[in-house]
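Numbering (my numbering), first residue to last: 36 to 303.
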């Protein structure tokens with residue numbers, strides 16, 4: 036039986052918001068109980084005591100791929116699958132079997148060292164170093180990534196290191212990537228200007244209760260920030276992988292909202 040506490044599918048206004056702003060927030064995208072179960076696993080792997088802040092000695096601990104049942108179920112609720120269909124296109128994306136990495140952020144006066152503006156690059160170039168994330172690339176067709184997703188596994192308020200989002204910045208990145216063709220640009224090349232093309236954009240914060248998911252355009256410029264709250268923040272940031280490449284020239288005109296946003300950025 037479907038979980039009646041879960042959200043409904045995206046409406047047309049939310050689709051238009053996604054195209055214009057580069058993201059949409061879905062509250063109650065997965066059940067709170069799954070967040071609780073997953074968080075217990077993550078706490079164990081941090082090596083920290085959830086009841087003893089004296090053990091929270093680092094501003095961020097990175098935990099790697101998680102495929103246990105709470106994570107798989109959280110990634111594959113009916114409302115999320117329906118949202119993927121609406122944003123990417125039915126049959127054009129691959130279900131997730133895990134939720135990727137978790138940068139667990141702890142309250143700390145220290146600089147976490149990873150709070151710069153960026154987009155998430157999605158493929159290694161022919162001469163790139165797979166171990167050097169700055170050499171990874173993005174291109175106009177967003178090879179290897181259909182969506183960036185932010186899964187909140189703890190309640191996140193404004194002081195709890197919410198991800199910062201430059202609203203509408205995906206349109207700027209589409210223009211930036213256009214001249215580079217299929218080769219695209221490396222994250223190092225994109226970051227060389229400090230993402231100045233999107234500095235004028237207003238900033239939103241990815242806050243919400245556990246169970247909230249932000250579905251973001253793959254070109255959206257975003258950044259971490261220091262944690263000034265009281266409880267650690269648990270969030271996954273996996274990509275939604277494409278089953279078929281994005282296309283900006285569909286003969287039938289059936290462009291997905293992700294594709295329509297790129298075309299809008301190019302002024303088409």
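Even for Gly, the Cβ is constructed at its ideal location relative to N, Cα and C.
Apart from the 5 residues on each side of it in sequence, residue 129 sits with its Cβ closer than 6 Å to the Cβ of 276 and 278 in its chain, given in chain order. In the DSSP assignment, residue 297 falls within the alpha helix (DSSP H) that extends over 292-300.
Cα atoms of residue 123 and residue 281: separation of roughly 9 Å, rounded to the nearest angstrom.
A distance below 8 Å separates the beta carbons of residue 171 and residue 156. Sorting 76, 219, 274 and 94 by C-alpha distance to the C-alpha of residue 262 places 94 at the top. The residues 140, 260, 262 and 268, in chain order, have a CB closer than 6 Å to that of residue 196 in the same chain once the five nearest residues on each side in sequence are set aside.
Between the beta-carbon of residue 284 and that of residue 210 there is about 18 Å, and that puts the pair past the 8 Å contact cut.
In the DSSP annotation of this structure, the continuous segment of the alpha helix (DSSP H) that includes residue 106 starts and ends at 104-110. Between the region 188-204 and the region 237-249, the count of Cβ pairs shorter than 8 Å is three or higher; the stretches touch. Residue 248: member of the beta strand (DSSP E) spanning 248-251, first to last residue. With contacts defined by Cβ atoms closer than 8 Å, residue 264 and residue 187 do not form a contacting pair. The alpha-carbon of residue 271 is positioned some 10 Å away from that of residue 99. In the three-state DSSP reduction, residue 53 falls in the helix class (H, G or I).
Here the alpha carbons of residue 121 and residue 113 stand approximately 12 Å from one another. Between residue 254 and residue 205, the C-beta spacing is below 8 Å.
Annotated three-state conformation of residue 176 is coil, per DSSP. In the DSSP assignment, residue 139 falls outside any alpha helix (DSSP H) and within the unbroken beta strand (DSSP E) covering 137-140.
According to the DSSP secondary-structure assignment, residue 243 is paired through a beta bridge with 191. Counting along the chain, residue 154 sits inside no beta strand (DSSP E), nor does DSSP assign it H or E at all.
A distance below 7 Å between beta-carbons, with the five flanking residues on each side excluded, links residue 223 to the following residues of its chain, in chain order: 169 and 170. In this structure residue 173 is in contact with residue 154, their Cβ atoms being roughly 6 Å apart against a cut-off of 8 Å. DSSP, read as helix, strand or coil, puts residue 45 in coil.
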